[in-house]
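Colleague: Got a structure for you, written out below as structure tokens; questions coming shortly.
In my numbering, the protein residues as written are 68 to 432.
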């Protein structure tokens with residue numbers, strides 16, 4: 068990816084669960100609560116020591132509270148400033164129609180991130196009544212204003228990538244990345260392969276979310292546990308699916324040979340495919356596992372990569388009908404609105420305040 072050669076490790080850290088809004092406390096983090104500041108600081112130390120620099124967030128993560136907490140974390144750890152690469156995402160909601168709406172949103176992102184210029188801005192979805200080209204032109208304007216260094220896409224298929232590339236070139240800019248589902252669950256999808264060809268021709272880097280299928284490709288998967296995995300619903304996979312079982316068995320055999328976890332094998336495979344795997348991190352142990360997965364101390368053989376290629380499934384979300392993707396976009400728009408409303412009435416809860424409340428209850432009991 069042009070301008071990202073400084074990344075010493077080809078892996079990105081997802082911060083979707085770093086928010087501390089009321090919704091994050093009660094819904095997004097599934098009862099796990101918000102991550103304390105000292106845990107975020109410990110995670111950052113592990114990442115920086117391991118050479119991992121890329122943090123991925125979005126204005127929709129915690130209604131912007133994930134962005135704010137990243138900015139606060141960097142302020143508490145000045146030694147890490149200048150060593151991180153932070154990307155966020157603009158969500159073209161149903162109430163946003165003008166180029167200025169993107170500019171205003173990016174200014175808000177940068178304020179929360181405590182930066183003047185964002186390293187990379189993703190357009191979070193191509194689904195909107197206005198054409199994708201409209202938002203690409205707006206993002207190019209954000210670059211001209213010094214608010215953004217690079218432009219990326221998210222969830223775009225081959226045709227949408229090609230259109231975005233043309234729109235950016237017309238403004239003297241380029242598309243640097245496309246963030247999509249990229250894993251062994253969808254690698255053999257024709258839609259994904261078509262998109263990869265367009266991206267390769269235009270030197271567009273793939274940032275692949277859910278490299279371990281939200282747990283579908285890790286140890287300990289159970290029939291009951293699979294019911295709560297959103298990726299299973301997104302890809303239409305069911306317990307006992309022959310293709311999934313074969314794939315999991317292949318990953319497990321390779322993991323035993325490498326003396327690594329199944330998750331680390333999936334992440335390493337993704338890196339070998341030229342993608343930047345996006346790994347969600349909530350605990351220090353997650354950060355340590357991510358660093359170990361990207362480490363040069365171990366590797367997959369060419370034969371193992373080929374075996375995984377053959378066993379990979381074809382369940383790409385890029386092949387979903389337009390109406391389903393549009394419905395999902397409406398849900399995201401509604402969620403962002405709910406974040407704004409709850410923040411207006413409940414304020415901005417801080418982890419310390421929540422922790423203090425829990426201690427008070429404990430003493431009272």
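Every residue, glycine too, gets a C-beta built ideally from N, C-alpha and C.
So the candidates are 304, 341, 331 and 193; which of them puts its Cα closest to the Cα of residue 263?
Modeller: Counting from 1 along the chain shown, the entry for residue 263 is found at position 196. With distances taken between Cα atoms, residue 263 lies closest to 341.
Colleague: With a 10 Å radius around its C-beta and 16 neighbouring C-beta atoms as the bar for buried, classify residue 317 as buried or exposed.
Modeller: Stepping through the chain shown from its first residue, residue 317 is reached at position 250. By the 10 Å Cβ count, residue 317 comes out buried.
Colleague: So for residue 123, helix, strand or coil by DSSP?
Modeller: Your numbering for residue 123 matches position 56 in the chain shown. It is a strand residue.
Colleague: Can you list, in chain order, the residues of its chain with a C-beta nearer than 8 angstroms to that of residue 321? Leave out the 5 residues immediately preceding and following it.
Modeller: If you number the chain shown from 1, residue 321 lands on position 254. Answer for residue 321: 332, 367, 371, 374 and 375, listed in chain order.
Colleague: What does residue 185 pair with, by DSSP beta-bridge criteria?
Modeller: Taking the chain shown and counting its residues from 1, one reaches residue 185 at position 118. 215.
Colleague: Pick helix, strand or coil for residue 363, following the three-state DSSP scheme.
Modeller: To locate residue 363, count along the chain shown from 1; it is residue 296. Three-state DSSP puts residue 363 in coil, outside helix and strand.
Colleague: Using the beta-carbon count (16 or more within 10 Å), is residue 294 buried or exposed?
Modeller: As a first step, residue 294 is located in the chain shown; it is residue number 227 there, counting from the start. The residue is exposed, with fewer than 16 neighbouring Cβ atoms inside 10 Å.
Colleague: What does DSSP give as the partner residue(s) for residue 344 in the beta ladder?
Modeller: As a working note, residue 344 is residue 277 in the chain shown. DSSP output for residue 344 lists 275 as bridge partner(s).
Colleague: So is residue 224 buried or exposed if we call it buried at 16+ other beta carbons inside 10 Å?
Modeller: Counting from one through the chain shown, the residue named residue 224 turns up at place 157. Flag for residue 224 reads buried.
Colleague: Just grab the DSSP bridge partners of residue 116 for me.
Modeller: Against the chain shown, residue 116 aligns to sequence position 49. Its beta-bridge partners do not exist; DSSP assigns none.
Colleague: Taking the continuous alpha helix (DSSP H) assigned at residue 170, which residues delimit it?
Modeller: In the chain shown, counting from the first residue as 1, residue 170 sits at position 103. From DSSP, the alpha helix (DSSP H) with residue 170 extends over 166-180.
Colleague: Cβ of residue 338 within 9 angstroms of Cβ of residue 77?
Modeller: On the chain shown, position 271 is the one that residue 338 refers to. On the chain shown, position 10 is the one that residue 77 refers to. It is a contact, given that the beta carbons lie within the stated cut-off.
Colleague: Kindly list the residues whose CB is nearer than 7 angstroms to the CB of residue 140, restricted to its own chain and excluding five residues on each side of it in sequence; keep chain order.
Modeller: Position 73 of the chain shown holds residue 140. Hits under 7 angstroms: 107, 108 and 111.
Colleague: Under 8 angstroms by Cβ, that's how I've got residue 252 and residue 380 pegged, so tell me the actual separation to the nearest angstrom.
Modeller: Locating residue 252 in the chain shown gives position 185, counting from the first residue. Locating residue 380 in the chain shown gives position 313, counting from the first residue. That pair is a contact at about 5 angstroms.
Colleague: Buried or exposed for residue 431, please, with buried defined as at least 16 other CB atoms from any protein chain shown within 10 angstroms of its CB.
Modeller: Counting from one through the chain shown, the residue named residue 431 turns up at place 364. Any answer about residue 431 is weak, because its pLDDT of 41 lies below 50 and its placement is not dependable; what the coordinates show is given next. Answer is exposed; the Cβ neighbour count stays below 16.
Colleague: Check whether the stretch 150-158 touches the stretch 168-185, counting contact only when three or more Cβ pairs, one atom from each stretch, lie closer than 8 angstroms.
Modeller: In short, these stretches touch, since the Cβ pair count reaches three.
Colleague: Compare the Cα-Cα distances from residue 335 to each of 201, 309, 151 and 362 and report the closest residue.
Modeller: Sequence index remark: in the chain shown, residue 335 carries index 268 (1-based). Comparing Cα-Cα distances from residue 335 to each of 201, 309, 151 and 362, the minimum goes to 362.
Colleague: By the 10 Å Cβ neighbour count, where 16 or more other Cβ atoms means buried, how is residue 146 classified, buried or exposed?
Modeller: For the purposes of this step, residue 146 is taken as the residue at position 79 of the chain shown. Residue 146 should be labelled exposed.
Colleague: My guess is that residue 130 and residue 403 are in contact by the Cβ rule of under 8 angstroms, so how many angstroms apart are they, rounded?
Modeller: Within the chain shown, numbered from 1, the residue matching residue 130 stands at position 63. Within the chain shown, numbered from 1, the residue matching residue 403 stands at position 336. The Cβ separation is near 7 angstroms, so the contact holds.
Colleague: In chain order, what residues of the same chain have a beta carbon less than 7 angstroms from the beta carbon of residue 57, not counting five sequence neighbours either side?
Modeller: Not covered by the structure: residue 57. The range shown for the chain is 68 to 432.
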